Each structure stands twice: as structure tokens, then as C-alpha cells.
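S.K.: Please see the structure below; I have some questions.
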Amino acid sequence: VVITDVMPSSPRSSPVLSILYNENHVIHKPFGTSPENPERTTRIFRYFQGKKEVLGEEVELRVDFPPATVEDLLRVHQKEYIDFVRSYCLRGGGFLGDSTYFAPGTFDAALSAAGGAMKALEMVVTGTRRFTFALIRPPGHHAKADTYGGFCIFNNVAVAIRHVQENFGVEKVMVVDWDAHAANGTMRIFYEDPTVLLVSLHKDPKEFYPGEGFVHQIGRGKGRGYTVNVEMPEGAGDREYLMVFEDIIRPVYEQYSPDLLVGCVGFDAHFSEEMTHMGMTSQGYYDLVRGLSELGGERLALVLEGGYNWYNPRLAHTVVNAMLGRPHSFKEDVDILSSSVTRPEKVYKITRQKIKEVQDILDQFYRF
Ligand SMILES: [Zn+2]
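Per our numbering, the very first residue in the sequence shown carries number 382; after that it's consecutive.
Below is the structure:
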């Protein structure tokens, strides 16, 4: 009796999530000290490499993807600015103010960072992966069409959005950016464009970098109603961010009905980030990313912006778990509740008020 093995060779479970890491970012390093330094993402990537078993075959760590070309950048940035960055780096770079430094290799690192964001959006758009996480630096969300700023050289997510719009037929994209700082570069780039809807949740910029991203900035011309700025009070935490998710992000998403949802994640809204004084915990990151994944129909591209604290690797793992629908596996060993006994009610009330302001100013565009 010949027993033939009719069992189909069991397909190895293929990845559903790719982490895209631009290894060459290490050449973009400060001359002195800066919170935005290579350690930020090398630590996260090393952590993921050490967790390969835990992450399993569903998660792919990927370092090979093409850098953005100048043509890709030109969909967002002015030629003069791109030329300036290239030639300034060739001449050795230097510090240019607005917290931004250029190393000799910065131009190449920045092209790769933008390339990582492009690949992240492209893979989700084509259905190659359900989830992607562009673990890239330098970050991008403060960069405008014609200038750098706040550690950012090129606006990675904007370049990526134009890439999928131009080459993959994507029409409408919604971006939710919850870095502690306003996504002012992204806002400026798409300010008059109804095909990209930006919701930025950030610390009230009145006395905080970048000094714009106010509730009344809702877009211009055809873009009116497609920029949503939510000013979060100092100390805002999980409860406040999730309230914004339910009261603003969800209804706006449902009415805008984008082809693609992108999250710009900054780990600097975490309570451990001393220069921002916000109050999110990993649970908040988990819940927000889970909510965004569900909203996007279990499809989401995440792009890294800021975040400078020692929790970054575990927060990165948290957002990966959240996208995959795995349980939240990490809890901070600090009892933050006891450290803020009186603050929460006040912060909660201010947030309620801020949400109301956003809803009032946008009520000609959305039903809340
Ligand atoms: Zn930030």
C-alpha cells in the first residue's frame, strides 16, 4: 500500500505586518547632543530583533526597500529646498536652527526614511500587508514644502501619500497624528487639499513647539474642513485621547470615508517624556492603535514621528500588538495614578471643552 501524502504542504503563515527600518539613519547624527539621535530607533530595532520568536512569522522586519527619489520628493517639496539640503550635506552639514541639524549623510538617510514611509503605505494599499510600521528617522511632520524644522528634513508621510495617490490610484487619505507636537508641516502641505484629511492631536501650541496647529486652523479654499487640530491640555492621558477618538476621529472618518488611513505615531505623548508633560500610558497607545486598525477595516499604515524616551521599544511593541489584535502585554512599573490625584478632572474638563470647540468650528462640515 502506497500512502501518498495528500496533505498540502502547510503554508507557512505569511507576514501580515511589516516593520520597515532604514538602517542608514545612523549616518544622520548630531554633532553634539540632541534627543533626536540614532539611538532612538536603533534601540527599537534591536529590541524587535531580540523578540523575533515572540513576534512570530506574522511580523516581518524589513530593511531592504528603495529610497525616495528626488522625483518622489518633488511631489511635496520645492526643488530649491531639495537642492539646498543636498548641497548643504555635501559641504559637511551643520546646525541650522529650529532644532535641526544636518550631517554629511543626512540627505541619504532622509531619502531612505521617506522611502520607508512610501513602502509602508504602498504595501497596505496593494494588500501586500494589512499593517505596516515605518520605523524611520529623521522624522518628518514638521517639514514643510520649502523648509526643515523640529528635527525634520523631508515630510515622510506627505511624500508617501503623494506616492500612493500618483502611482496606486488612491484618492482620499486620512492621517491621524498624535505626536505630542502639532503636525504643522503636514498641515501646511495639505492645507488647501481636500484629498488629504489631517487630524492632529497635540499639546496646546500656544506656548509649545511648533506654535501653530490651533483649532481655528481648518484648511483653506477647497481644503476647508480637511484640517482638524485638537489642542490637548498638558497632562492629557489615555482617557482624554480616547475621548477624542470617539468624539472626533471616528465620526470624521466615517463621514470622510477615506481609501487609506495612516497613523503618525509619536511616542512623546507618553508620560515619561519629560519635555512634553503629556500623560498617555502604553494602554492608551494600545487602545488608540486598536481603534484606528478597526476603523481602517483591519488595515493601517503607521509612520514614526517623535519620541525620545526609554519606553520607546516597548511602546513600539505595544503598537505592533495592537495592530495585530494581540493582547496588550506590557504595563509601566510606575503608578501614575497616584502621581496625579487632583489633575485628572481638570484635564478631563479642558479636553471636553476643546473637543466642543473643534466640533463647533467644524459643524458645517461634519455631524457630531
Ligand atoms: Zn513630537
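Positions of the beta carbon are idealized from the N, C-alpha and C atoms, including for glycine.
Just so you know, these numbers come straight off a predicted model, no measurement behind them.
#1: Under three-state DSSP, which class holds T608?
#2: Span of the beta strand (DSSP E) holding T513?
#3: Excluding the 5 residues preceding and the 5 following S663 in the sequence, name in chain order all residues of the same chain whose CB lies nearer than 8 Å to its CB.
#4: Flag G687 as yes when its Cβ comes closer than 7 Å to any non-hydrogen atom of ligand 1, and as no otherwise.
#5: Considering only heavy atoms of ligand 1, does any lie closer than 7 Å to the CB of A697?
#6: Is there at least one non-hydrogen atom of ligand 1 closer than 7 Å to the beta-carbon of G647?
#7: In terms of alpha-carbon separation, which member of V625, V505, Y689 lies closest to D668?
#8: For the stretch 677-686 against the stretch 626-646, are there 3 or more C-beta pairs whose distance is under 8 Å?
#9: Reducing DSSP to helix, strand and coil, say where D527 ends up.
#10: Shortest alpha-carbon distance to D453 belongs to which of Y666, K553, C533, A491?
#11: Can you tell me the Cα-Cα spacing of N610 and N536, whole angstroms?
#12: Cutting at 6 Å between CB atoms, please list the residues of its own chain near E738, excluding the five before and the five after it.
#13: Would P614 pass as a contact of F749 if the rule is Cβ separation under 8 Å?
#14: Tell me the DSSP bridge mates of Y482?
#15: Sort L676, E621, Q430 by Cα distance to I736 and report the nearest one.
#16: Comparing alpha-carbon positions, which option in H583, G706, Y729, Y689 lies nearest E420?
#17: Would you check whether ligand 1 has a heavy atom nearer than 7 Å to the C-beta of D560?
#18: Is it buried or exposed, A561, if we count other Cβ atoms within 10 angstroms and call 16 or more buried?
#19: Can you give the Cα-Cα distance for A524 and C533, rounded to whole angstroms?
#20: Going by the beta-carbon positions, is the gap between I517 and A539 smaller than 8 Å?
#21: In the structure shown, what three-state DSSP assignment does V440 receive?
#22: I'd like to confirm the pairing. Which residues does DSSP put opposite H651 in its beta bridges?
#23: Pop quiz: V440 and L398 are said to be a contact at Cβ under 8 Å. What is the actual Cβ separation, rounded to whole angstroms?
#24: Would V722 be called buried (16 or more neighbouring beta carbons within 10 Å of its own) or exposed?
#25: Within the same chain, show all residues whose beta-carbon is closer than 6 Å to that of S653, passing over the 5 residues directly before and after it, in chain order.
#26: Taking Cβ to Cβ, would you say M568 is nearer than 8 Å to G594?
#27: What three-state label does DSSP hand A449 in the structure shown?
#28: State the DSSP-derived secondary structure class of I534, mapped to helix, strand or coil.
#29: Specify the secondary structure class of S390 as computed by DSSP and reduced to three states.
#30: Could you pull the start and end residues of the beta strand (DSSP E) that A682 belongs to?
#31: Enumerate in chain order the residues of its own chain whose CB-to-CB distance from E404 is below 6 Å, with the five nearest sequence positions on each side excluded.
#32: Expressed to the nearest angstrom, what Euclidean distance is found between the alpha-carbon atoms of V701 and F514?
#33: Look up V728 in the DSSP assignment and say whether it is helix, strand or coil.
#34: Hey, would you say E635 sits closer than 8 Å to G604, going by beta carbons?
#35: Checking 8 Å against the spacing of the C-beta atoms, do A563 and T732 come in under that value?
M.R.: Let me spell this out:
#1: In the structure shown, T608 falls within a strand segment according to DSSP collapsed to helix, strand and coil.
#2: 512-516
#3: H651, Y692, R695, L696, T699, H709, F711, K712, E713
#4: yes
#5: no
#6: yes
#7: V625
#8: yes
#9: coil
#10: Checked all of Y666, K553, C533, A491; the closest Cα to D453 is A491.
#11: 18 Å
#12: V596
#13: No.
#14: F476
#15: Considering only alpha carbons, the answer is E621.
#16: Y689
#17: Checking the Cβ of D560 against ligand 1 gives yes.
#18: Around the Cβ of A561, a 10 Å sphere holds 16 or more other Cβ atoms; the residue is buried.
#19: Going by the C-alpha atoms only, they are around 5 Å apart.
#20: Against a cut-off of 8 Å, the Cβ pair of A539 and I517 comes out as no contact.
#21: Of the three classes helix, strand and coil, the one that applies to V440 here is strand, per DSSP.
#22: According to DSSP, H651 bridges with M661.
#23: Yes, V440 and L398 are in contact; Cβ-Cβ is about 5 Å, under 8 Å.
#24: Low confidence applies to V722: its pLDDT is 48, below 50, so where it sits in the model is not reliable, and the reading given next is rough at best. Classification for V722: exposed.
#25: Result list for S653: N690, Y692, in chain order.
#26: yes
#27: coil
#28: coil
#29: Reliability of the predicted coordinates at S390 is poor, the pLDDT of 47 falling under 50, and no value is obtained from them.
#30: Run containing A682: 681-685, per the beta strand (DSSP E) assignment.
#31: V444
#32: 8 Å
#33: helix
#34: no
#35: Their beta carbons are not under 8 Å apart, which means A563 does not touch T732 by this criterion.
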